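Notes follow the structure.
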């Protein structure tokens, strides 16, 4: 009763059907994990919405990372595999191949149930189909108000307010963004960087120089402000020291970057 009263006193934004609703689950973030979480919530009979700063659904999966990094594909299941199966069904259609024949592309295997390499717009279409099929409302271009945007009753979040002034109320919230702004604003404990092996008794955490033998620059990249002149200083974010001891944790995170799709076919640009 206390929780319900607290939520009721919050001015919730009017939903798409014209009413002020308190959702079972509010997912913040339109990434692939955000869509999957919302779909699963709907399958469990819950009311759910996606509120996201994004314009496009799917995060990295639909934003250029069309080559799925997966080792043992048989380990991929659930909604994730359903998505890859959806990709396969798309490329099983003859009209999906405009500039290349399917038999010319080694990554397309007719006998497999899933497609692991795909075009970004096809992935985005797949996520849009999912939210449409499950009738999941999506509120885009909604950025969390970092200061004072998270309202709690005790340790439970009851509403989040955006920079736009809109407030979304729920009984449970999921942070499905890459940055974790909702998580941080809610005051929960978290870690930035890589944990050391000793934290959870593992063997592949922290510094792993033995595994850093591939995916390196093919050509030397000059790290200095003035190329060839060490006395000019290092470029921003360049670290000159050792990465640390094997298995040791640190505060570093992977650099953000752009994933671009390139083609020599003028008509496909």
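Numbering (our numbering), first residue to last: 14 to 282.
All residues carry an ideal CB built from backbone N, CA and C; glycine is no exception.
As the structure is a prediction and not an experimental result, all values here were calculated from the model.
Check, Outcome
"Candidates 146, 104, 238, of which the one nearest residue 130 by Cα", "104"
"Coil, strand or helix - residue 103 by DSSP", "helix"
"For residue 58 and residue 148, the rounded distance between their alpha carbons", "12 Å"
"Segments assigned beta strand (DSSP E), at least 3 residues, entirely inside the stretch 124-200", "163-166, 169-174, 180-188"
"Host beta strand (DSSP E) of residue 239 (start-end)", "237-239"
"Extent of the continuous alpha helix (DSSP H) run through residue 73", "72-75"
"Short CB-CB distance (under 9 Å) between residue 175 and chain D", "Of the chains in the structure shown, none is chain D; there is only one protein chain."
"Reduced DSSP secondary structure (H/G/I, E/B, other) of residue 91", "helix"
"Unbroken alpha helix (DSSP H) run spanning residue 46, endpoints", "45-56"
"Buried versus exposed call for residue 14 [16 or more other C-beta atoms within 10 Å across all chains shown]", "A caution first: residue 14 carries a pLDDT of 39, below 50, which makes its placement in the model unreliable, though a value can still be read off. Counting Cβ neighbours within 10 Å, residue 14 comes out exposed, since fewer than 16 surround it."
"Beta-bridge partners of residue 63, as assigned by DSSP", "40, 151"
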